[in-house]
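>
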Amino acid sequence: MCTGHLQRNGTADLVPTKQHSASPKWDTQALPPTQSDSPPNRSQRCRDPMVQNATHSPAWPRNGGCGWQVILGHYNWLSYEDVYVRALNFGNGLQVLGQKPKTNIAIFCETRAEWMIAAQACFMYNFQLVTLYATLGGPAIVHGLNETEVTNIITSKELLQTKLKDIVSLAPRLRHIITVDGKPPTWSEFPKGVIVHTMAAVQALGAKASTESKPQSTPAPSDIAVIMYTSGSTGLPKGVMISHSNIIAGITGMAERIPRLGEEDVYIGYLPLAHVLELSAELVCLSHGCRIGYSSPQTLADQSSKIKKGSKGDTSMLKPTLMAAVPEIMDRIYKNVMNKVNEMSSFQRNLFILAYNYKMEQISKGRSTPLCDRLIFQKVRSLLGGNIRLLLCGGAPLSATTQRFMNICFCCSVGQGYGLTESAGAGTITEVWDYNTGRVGAPLVCCEIKLKNWEEGGYFNTDKPHPRGEILIGGQNVTMGYYKNEAKTKADFFEDENGQRWLCTGDIGEFDPDGCLKIIDRKKDLVKLQAGEYVSLGKVEAALKNLPLIDNICAYANSYHSYVIGFVVPNQKELTELARKKGLKGTWEELCNSCEMENEVLRVLSEAAISASLEKFEIPVKIRLSPEPWTPETGLVTDAFKLKRKELKTHYQADIERMYGRK
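First residue of the sequence shown? That's 1 in the UniProt record's numbering, and the numbers climb one at a time after it.
What follows is the structure in C-alpha cells.
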C-alpha cells in the first residue's frame, strides 16, 4: 500500500513567472492564460472539444481537421464539421446494431483517421472504448476481449485477416466486426452469429436512422471514456479505466505547456493511438483546432522502409509543426544523421561540428542562431518537413545527447514529459524555453506530485541537496484504477484525507530547486547483487545505449550472482565494420555468435561505461549479441519500445545460465 513519509512539491498552481532566469521565481497566486486562439474550453466530457470546434463561429477554420495520405500523393482533408458528422453517424449506426451506453466496445486498429472518428463516436454516445494495441499477440487480444465482454469490435481489414480471424472463436461474445477500410472479407469458418460490416455501411445505417434516433445517454464527467490496455513490461496487459474528466484534466494540463497552440499548427500522428501519449496529444490538438495528418513509422520520412527511392515521406508532404516521439525514434534519427556526418569530407565534418558546438554555446546563453540554422542545419531539419517547432517526447527517458542534438539540428524545442496511462498521460512537461537536459519539467496544472521515502533503495525526501523518493501523482487526471482488478487498484492508488486521489508510480524522482522533476530510477529496475551492492539496470542501459555500435541493450542481474550481464542488439553496419577491421568474415548470425566479436563489443562497452562514470560493479561482465532486432512484433519491447524484462529473461534464459556458469 502507498503509505509512509511524503514530501509535496510542484502544486497545481506552481508556474514560472519569467521565461529565463538563473533562479526562477514562482507565482503561487494565479495562472497565466493559455496562449491559444482556440475557442474557450469549458469541456467536461471527451466529446465536448469536437462539438465546440465543429459548431464554432463561421470564422473558425473548417478546412483541415483530420487528414490521410493517398499513396505517393497529397493529403486529403476532412473538416471538423465532416469529422463530427461522420462520428455522429457512426455512433448512431452502432446504436442501431445494439451497442448500449456505458457498455464496452473494442478498437483493434492501426493509427489512422478512422480510429479517431470511431473514438469520437464512442465519446458522443457514451460507449466505453476498449483500446488494444495492433501489435498485441493472440493471447493478450483474447484476454482483453473476454475480460471486457465486448460484443462489437472495430478493426482494419489487414488485422482481421492476419490476427483476428484465428482467434474470433476464442471470444464467444463477439457479434459484430466493423472494418474501417474496404469491403470486408467473408470466411465460412467464421463462428456462427458473427457479422462483418464496413465502417461506411455502419455510418450509412446511422445516417438513415438519424432523424428518429439520438444518443440515448449523455456521458457524465465521471463515466468511463476509455479502458486502455497497456502493453506493459510484465504479464498480461491490464485495462486502465479512464473517465471523461480524467482525459479532460490531462489534456488541459498538457495544452498549457504548448504556447500559441492553434489552427495554424499541423500535427503528424503515427504512434499507436492505443498508447496514452498519442491519444492525449491528438486530443490536445483537436481541442485547439489544429490539423492532424496521419502517417506510420514505415512511411514517416523520405528514408523510411516503405518509401520508394525518389519519393517523399509523409513529413515532407505534411510539413508538421508538432510531433510526438518516443526516445527510440529520436535515437534512430540521431544515429542516422551522425553516421552521415561521419561519412562527410574532413572539411564538411569539421564545419558541422564547429556549427554544432557554436549553437550549443549560444543556446546556453539564451540566444538564437538564424544564420547557422539556415546554412548548416536546414538540410537536417528538412528530414521532418522543415517546420517542426515542438517535439513532444514521452514513453521513456530521453538521453541528454539525443535531446541536445534535436534542439540544435532540428531548431526546435523538445518538450520532455512524464506521465503514465494511470495518470491519463499527464504529469510533467518541460517548458519550451527550458533547454536543460535530464529532467521532465514541473507538474502540470492538473496535478501535483509528492515524493515518498523508499528506504530499501536509499531514497528519502529529506535527501540533500535535493529531495528524492518514489513519485506519487495526485489530481483530477489520476484514473479510476484497473478493470476487474481490485487488488492491483488498491496497491497502486489511494485517497488522502482530503479526498484527493493519488497514484503510486514506482518511479524514483528528484526535484531541482526550481520545482522541475528528474526521473533517476525505477523500483522494478533496482537489483541487489550477491555482495549487497544495488544496481540500477536502467542507469546502465542509459549510459550505453547511444553508442554507435549499439541499437539496443538490456542489462540483467540477480541476487544470486555478483556481476551484471547484458543482451545487446548491435548495429549491423558498425559491427560489420568492426569485424572487417579484425579480419573476421561470416554471415550476420555468425558474427553475432562469434566469441571474438562478443569480446570486442564488450571492450567497447566497458570503455564507454568507465567514461560514463559507472561503478565497477555496474559494468556488464559478459554479454550476448542478438542478431534479431527487438520490436513490438517480437514481443520483447512494448509499443513505446520499453524493454519487456520478463519476456527478455525468458527469451535468453539459456544464455543467462551460460553467462552465469550453469550448464
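Where is the CB? At the ideal position from N, CA and C, for every residue including glycine. Here the structure is a predicted model, which means the values were calculated and not measured.
1. Under a three-way DSSP split, which group does Tyr563 fall into?
2. Note down the Cα distance separating Met480 from Glu486, rounded to an integer number of angstroms.
3. Report the rounded CA-to-CA distance for Val202 versus Ile178, giving the unit in angstroms.
4. Can you tell me which residues form a DSSP beta bridge with Thr155?
5. If you run the structure through DSSP and keep just helix, strand and coil, what is Lys452?
6. Check whether chain D comes within 7 Å of Glu256, counting only Cβ atoms and requiring the distance to be less than that.
7. From what residue to what residue does the beta strand (DSSP E) around Cys393 run?
8. Using the Cα positions of Leu391 and Ser613, report the straight-line distance between them to the nearest angstrom.
9. Tell me which residues share the same chain as His466 and place their Cβ nearer than 7 Å to its Cβ, disregarding the 5 neighbours each side in the sequence.
10. For the alpha helix (DSSP H) holding Tyr267, just list the boundary residues, first then last.
11. Mapping the DSSP letters down to three states, classify Asn126 as helix, strand or coil.
12. Name, in chain order, the residues that DSSP records as bridge partners for Gly469.
13. Find the nearest neighbour of Lys340 within the set Pro620, Lys573, Ser79 and His651, judged by alpha-carbon distance.
14. Within the continuous alpha helix (DSSP H) that includes Met199, where are the two ends?
15. Since Val130 and Asn104 should fall inside the 8 Å C-beta cutoff, what is the C-beta to C-beta distance between them, to a whole number of angstroms?
16. Measure from the alpha carbon of Gly441 to the alpha carbon of each residue in Cys447, Glu456 and Gln416, then state which is nearest.
17. Which whole runs of the alpha helix (DSSP H) in the region 577 to 641 are 4 residues long or more, in chain order?
18. Quick test of the definition: if touching needs 3 or more C-beta pairs under 8 Å, does the region 519 to 535 touch the region 583 to 595?
19. I want to know whether the region 283 to 295 touches the region 255 to 271 - three or more CB-CB distances under 8 Å.
20. Are the region 595 to 613 and the region 629 to 645 touching by the rule of at least three beta carbon pairs closer than 8 Å?
21. Ends of the beta strand (DSSP E) at Asn552?
22. Using three-state DSSP, classify Pro49 as helix, strand or coil.
23. Mind checking whether Lys238 and Tyr482 have CB atoms under 7 Å apart?
24. Within a Cβ cutoff of 8 Å, which residues of the same chain sit near Leu472, ignoring the five residues on either side of it in sequence?
25. In angstroms, rounded to a whole number, what distance separates the CA positions of Pro272 and Asp373?
26. Between which two residues does the beta strand (DSSP E) harbouring Glu495 extend?
27. Measure how close the beta-carbons of Gly385 and Thr437 come, nearest whole angstrom, since I'm counting them as under 8 Å.
28. Quick one: any contact between the region 117 to 132 and the region 158 to 168, if contact means 3 or more CB pairs under 8 Å?
29. So, at 7 Å on beta carbons, what are the nonlocal neighbours of Leu636 in its own chain, with the 5 sequence-adjacent residues on each side left out?
30. According to DSSP, is Gln416 part of a helix, a strand, or is it coil?
31. Which one of Gly419, Asp655 and Gly469 has the shortest CA to CA distance from Glu455?
32. Which partner residues of residue 669 appear in the DSSP bridge assignment?
33. Over what stretch of residues does the beta strand (DSSP E) that includes Ala325 continue unbroken?
34. Per DSSP, what kind of secondary structure is Asp166 in: helix, strand or coil?
35. Could you tell me the distance, in whole angstroms, from the CA atom of Leu383 to the CA atom of Asp223?
36. When the distance is taken between beta carbons, is Ala220 closer than 7 Å to residue 669?
On the basis of the coordinates in this document:
1. Here residue 563 refers to the residue found at position 563 of the sequence shown. Of the three classes helix, strand and coil, the one that applies to Tyr563 here is coil, per DSSP.
2. What you label residue 480 is simply residue 480 of the sequence shown in a count that begins at 1. What you label residue 486 is simply residue 486 of the sequence shown in a count that begins at 1. Each residue's CA atom was taken as its position, placing Met480 and Glu486 some 11 Å apart.
3. In the sequence shown, counting from the first residue as 1, residue 202 sits at position 202. In the sequence shown, counting from the first residue as 1, residue 178 sits at position 178. The alpha-carbon atoms of Val202 and Ile178 are separated by roughly 8 Å.
4. Within the sequence shown, numbered from 1, the residue matching residue 155 stands at position 155. When beta bridges are read from the DSSP output, Thr155 appears opposite Phe108 and Thr179.
5. By one-based count along the sequence shown, residue 452 stands at place 452. In this structure, Lys452 counts as strand in the three-state DSSP scheme.
6. Checking the listed chains, one finds no chain D in this structure; it contains a single protein chain.
7. On the sequence shown, residue 393 is found 393 positions in, with the first residue counted as 1. Leu390 to Cys393 is the span of the beta strand (DSSP E), which, as asked, contains Cys393.
8. Along the sequence shown, one-based indexing puts residue 391 at 391. Along the sequence shown, one-based indexing puts residue 613 at 613. Roughly 30 Å separates the two Cα atoms.
9. The sequence position of residue 466 within the sequence shown is 466, counting from 1. Closer than 7 Å at Cβ, skipping near neighbours: Glu510, Phe511 and Asp512.
10. The residue given as residue 267 occupies position 267 in the sequence shown. Counting along the chain, Tyr267 falls outside any alpha helix (DSSP H), though it belongs to the beta strand (DSSP E) covering Val266 to Gly269.
11. Along the sequence shown, one-based indexing puts residue 126 at 126. Note: Asn126 maps to coil in three-state DSSP.
12. Counting from one through the sequence shown, the residue named residue 469 turns up at place 469. Its beta-bridge partners are Gly509.
13. For this step, residue 340 is matched to residue 340 along the sequence shown. Selected option, being the one with the closest Cα: Lys573.
14. By 1-based counting over the sequence shown, the position of residue 199 is 199. Met199 -> alpha helix (DSSP H) spans Met199 to Ala209.
15. Translated into the one-based positions of the sequence shown, residue 130 becomes position 130. Translated into the one-based positions of the sequence shown, residue 104 becomes position 104. Right, their Cβ atoms sit about 5 Å apart.
16. Indexing the sequence shown from 1 puts residue 441 at position 441. Closest by alpha carbon: Gln416.
17. 588 to 592 and 595 to 611
18. no
19. With a cut-off of 8 Å, the region 255 to 271 and the region 283 to 295 count as touching, because enough Cβ pairs lie within range.
20. no
21. What you label residue 552 is simply residue 552 of the sequence shown in a count that begins at 1. Residues Ile550 to Tyr556.
22. Along the sequence shown, one-based indexing puts residue 49 at 49. Residue state, collapsed to three classes: helix.
23. Position 238 of the sequence shown holds residue 238. Position 482 of the sequence shown holds residue 482. Going by C-beta atoms, Lys238 is nearer than 7 Å to Tyr482.
24. Numbered from its first residue, the sequence shown carries residue 472 at position 472. So the list reads Cys2, Leu6, Ile449, Lys450, Leu451, Lys452, Trp502, Leu503, Cys504 and Thr505, once near-sequence residues are dropped.
25. Against the sequence shown, residue 272 aligns to sequence position 272. Against the sequence shown, residue 373 aligns to sequence position 373. Cα to Cα, Pro272 sits roughly 32 Å from Asp373.
26. Working through the sequence shown from its first residue, we reach residue 495 at position 495. Looking at the DSSP string, the run of the beta strand (DSSP E) that includes Glu495 is Phe493 to Glu495.
27. The residue given as residue 385 occupies position 385 in the sequence shown. The residue given as residue 437 occupies position 437 in the sequence shown. With a Cβ gap of about 24 Å, Gly385 and Thr437 do not count as contacting.
28. no
29. The sequence position of residue 636 within the sequence shown is 636, counting from 1. The residues are Trp630, Lys644, Glu647, Leu648 and His651.
30. Against the sequence shown, residue 416 aligns to sequence position 416. When secondary structure is reduced to three states using DSSP, Gln416 falls in the strand class.
31. For this step, residue 455 is matched to residue 455 along the sequence shown. Measuring from the Cα of Glu455, the nearest candidate turns out to be Gly469.
32. Residue 669 is absent from the model: the chain starts at 1 and stops at 663.
33. In the sequence shown, counting from the first residue as 1, residue 325 sits at position 325. Per DSSP, Ala325 belongs to the beta strand (DSSP E) from Leu322 to Ala325.
34. Translated into positions along the sequence shown, residue 166 becomes position 166. Reduced to three states, the DSSP call for Asp166 is helix.
35. Walking along the sequence shown from the start, residue 383 turns up at place 383. Walking along the sequence shown from the start, residue 223 turns up at place 223. Looking at the two C-alpha atoms, the distance is approximately 42 Å.
36. Any answer about residue 669 is impossible in this case: the structure gives the chain only from 1 up to 663.
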